[in-house]
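Here the structure comes first, spelled out in structure tokens, and everything after it is commentary.
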Amino acid sequence: MPTNASGLLLLDKPQGFTSNDAVAVARRALGTKCIGHSGTLDPMATGLLILLVGRAATRLQERFLKLPKVYRAELYLGTDTDTWEAQGTPLQNLPVPPLSMAQIMAAAQTLTGPVRQQIPPFSAKKINGRKMYDLAREGQPVQDRFNTVQIDGWEDLSFDGKDKISFTLRCGCGTYVRSLGRMLAQKLGTTGHLTALRRLQIGPFSVEHAWDGRKLKTAPREEIVQWLQEPAI
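Going by our numbering, the sequence shown opens with residue 1273, and the numbers climb by one from there.
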């Protein structure tokens, strides 16, 4: 049965659930095809995903995509993977040199402001209409692609003294946190991949006010509708 539901649905996306999965489930649950989202989260990542429900909300999609974002991440040093995160296939191991917090903070500072990042081969970025991760899974060679993003700051940096760095990243649209994590590892003389990633904020919207995305597949329509809010930035 179609619905006239309209607005923003703030989800706390669980791990293993893609952004497109969330959109597909919401379309079935709410009985409407007019649903978009505010920016892809990788399957490994958790945290804030904003679904835009109805025409009034989806018309604002480009504005939502351009909002700044805040992430919390964990970086494991010494091992690289093909996806630059924990669900990928390990590629190489490099030694991790002795590091101090001062060195880590200085390296992060060099990755602040406008930063030219490599787009991960396993990403939803399209080349000639095809997503890069589809090409990568088929083993097709893909030329390295880059874009320039705005990194506003690295906060709450911590280091376990061995091989794990945790950080909060404030960044602009188009940022691949796994790319920035890999770049940080390279600045420190080794390699690395993300083992955890959580989106905390999109513009003024916080994951603290989001609905548990694990409920999306089973919750009745009425409960989902109650969580919709006005599509205003």
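Glycine included, C-beta positions come from ideal geometry on N, C-alpha and C.
Task: Which residues DSSP lists as bridging Cys1443, in chain order - done: In the DSSP assignment, the residues bridged to Cys1443 are Lys1341 and Ile1423.
Open item on the list: Checking 8 angstroms against the spacing of the C-beta atoms, do Leu1281 and Trp1426 come in under that value?
Closed with: With a cutoff of 8 angstroms on beta-carbon distance, Leu1281 and Trp1426 are scored as not near each other.
- [ ] Just grab the DSSP bridge partners of Lys1285 for me.
- [x] Gly1319
TODO: Count the other CB atoms, across all protein chains shown, that sit within 10 Å of the CB of Lys1489; report buried if there are 16 or more and exposed otherwise.
DONE: exposed
Open item on the list: At 4 residues or longer, what runs of the alpha helix (DSSP H) sit wholly inside the region 1432-1479?
Closed with: 1449-1459
TODO: Identify which residue in Thr1467, Asp1284 and Thr1462 has its Cα closest to the Cα of Leu1366.
DONE: Out of Thr1467, Asp1284 and Thr1462, Thr1462 has the C-alpha closest to the C-alpha of Leu1366.
Task: Three-state class that DSSP yields for Ile1496 in the structure shown - done: Three-state result, Ile1496: helix.
Task: Classification of Arg1331 by the beta-carbon crowding that lies within 10 angstroms, buried from 16 upward - done: exposed
TODO: With Ile1376 as the anchor, note down where its alpha helix (DSSP H) starts and where it stops.
DONE: Met1373 to Thr1382
- [ ] Within the same chain, show all residues whose beta-carbon is closer than 6 angstroms to that of Lys1305, passing over the 5 residues directly before and after it, in chain order.
- [x] A distance below 6 angstroms between beta-carbons, with the five flanking residues on each side excluded, links Lys1305 to the following residues of its chain, in chain order: Arg1299.
Task: Rounded C-alpha distance that separates Val1297 from Arg1450 - done: 27 angstroms
TODO: Return helix, strand or coil for Ser1430, following the three-state DSSP convention.
DONE: strand
TODO: From the DSSP output, in three-state form, read off Asn1365 for me.
DONE: strand
Open item on the list: Give me the residue from Asp1314, Met1316, Gln1333 and Val1368 with the minimum Cα distance to Thr1323.
Closed with: Before going further, note that residue 1323 is Leu rather than Thr in the sequence given. For the residues Asp1314, Met1316, Gln1333 and Val1368, the minimum Cα distance to Leu1323 belongs to Gln1333.
- [ ] Using the Cα positions of Val1342 and Leu1466, report the straight-line distance between them to the nearest angstrom.
- [x] 16 angstroms
Task: the region 1427-1439 touching the region 1314-1321, judged by at least three CB pairs closer than 8 angstroms - done: no
- [ ] Could you pull out every residue in the same chain whose Cβ sits closer than 7 angstroms to the Cβ of Pro1503, ignoring the five residues on either side in sequence?
- [x] Gly1279, Leu1280, Leu1324, Ala1328, Ala1329 and Leu1332
Task: Where Met1273 falls: helix, strand or coil (DSSP) - done: Only weak support exists for where Met1273 lies, its pLDDT of 39 falling under 50; the coordinates are left without a value.
Open item on the list: Please state the DSSP three-state secondary structure of Leu1280.
Closed with: strand
Task: Cut-off 7 angstroms between Cβ atoms - residues of its own chain near Pro1386, not counting five sequence neighbours on either side - done: Thr1420 and Gln1422
- [ ] On the DSSP bridge assignment, give the partners of Thr1353 in chain order.
- [x] Pro1362
Open item on the list: Let me make sure I understand the geometry here. Which of Ser1478, Glu1494 and Gly1464 has the alpha-carbon closest to that of Asp1352?
Closed with: Gly1464
TODO: Assess, as a yes-or-no matter, whether the region 1435-1454 is touched by the region 1285-1297 under the definition of 3 or more beta carbon pairs within less than 8 angstroms.
DONE: Output reads no: the region 1435-1454 does not touch the region 1285-1297.
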